[in-house]
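Comments concern the structure below.
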Amino acid sequence: MSVRMSAAGKYGWITDRKGYRYSQVHPQGMLWPAIPDRVMDAWYALANCPREPECCLINWYSEDARMGLHQDRDEADFDCPVLSISLGDDALFRMGNVERGGKTESVWLRSGDVVVMGGDARLRFHGVDRIRFGSSTLLSKGGRINLTLRVVT
Ligand SMILES: O=C(O)CCC(=O)C(=O)O
Ligand SMILES: [Mn+2]
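In terms of the numbering used here, the sequence shown opens at residue 2 and continues consecutively.
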């Protein structure tokens, strides 16, 4: 994984000597900022979930960043979807199966696109093969920001 990460909400995703995990505290000791209202509005409009998101992961992709195929399975309640918002440069998003291997399908995600990984798709392997650097003018230096809203507990 070559993206840079931050978070908003009650939980962020951190790594240290103990490994990767959700944490209510930033590695430098502060709490995470609130999830912006406009981002919460996307959840209310599209997630079809009675629970509130507890984490908004912020992934920043620079020119060569990618994210290997993985499952999002560190959350406790798989009835709640993961809602992903793409901002900035286009990204080649790949969706696979609940088991590793098999056929995958790819789609270019553009700025403003939202993917809801819920129901049968909640535990499918997925990742980002590459971005099309400079394809959007949203971020002055190029790159892509992906926000994922998650219920953690
Ligand atoms: O950047 C994306 O579109 C996917 C991000 C993702 O899968 C994750 O943060 O777990
Ligand atoms: Mn993921």
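Backbone N, C-alpha and C define an ideal beta-carbon position, used for all residues, glycine too.
Could you pull the DSSP bridge partners for S87 from this structure?
N147
M6 lies in the alpha helix (DSSP H); which residues open and close that run? No alpha helix (DSSP H) holds M6; the beta strand (DSSP E) holding it covers 5 to 10.
| query | Comparing the CB of N147 with every heavy atom of ligand 1, is any distance shorter than 7 Å? | reply | yes
- Tell me, to the nearest whole angstrom, how far the beta carbon of L84 is from that of L47; I am working on the premise that it is less than 8 Å. 6 Å
Fully enclosed by the segment 99 to 126, which beta strand (DSSP E) runs are 3 residues long or longer?
106 to 110, 115 to 118
Just checking L124 against ligand 1 - is the residue's beta carbon closer than 7 Å to any of the ligand's heavy atoms? no
Between the segment 109 to 129 and the segment 91 to 100, do three or more beta carbon pairs fall short of 8 Å?
-> yes
Self-check item: Beta-carbon separation (whole angstroms), I146 vs N60, contact threshold 8 Å
Solution: 7 Å
| message | Suppose you measure from the CA of V24 to the CA of L139; what does that come to, to the nearest Å? | response | Checking the sequence shown, residue 24 turns out to be Ser, not Val. Going from the Cα of S24 to the Cα of L139 covers about 30 Å.
Identity of the residue in S3, R18, H27 nearest Y12 by Cα:
H27
Q | Identity of the residue in A66, M41, L110 nearest C56 by Cα | A | M41
message = Just checking D17 against ligand 2 - is the residue's beta carbon closer than 7 Å to any of the ligand's heavy atoms?
response = no
Query - Element boundaries [beta strand (DSSP E), containing M68] - result: 68 to 71
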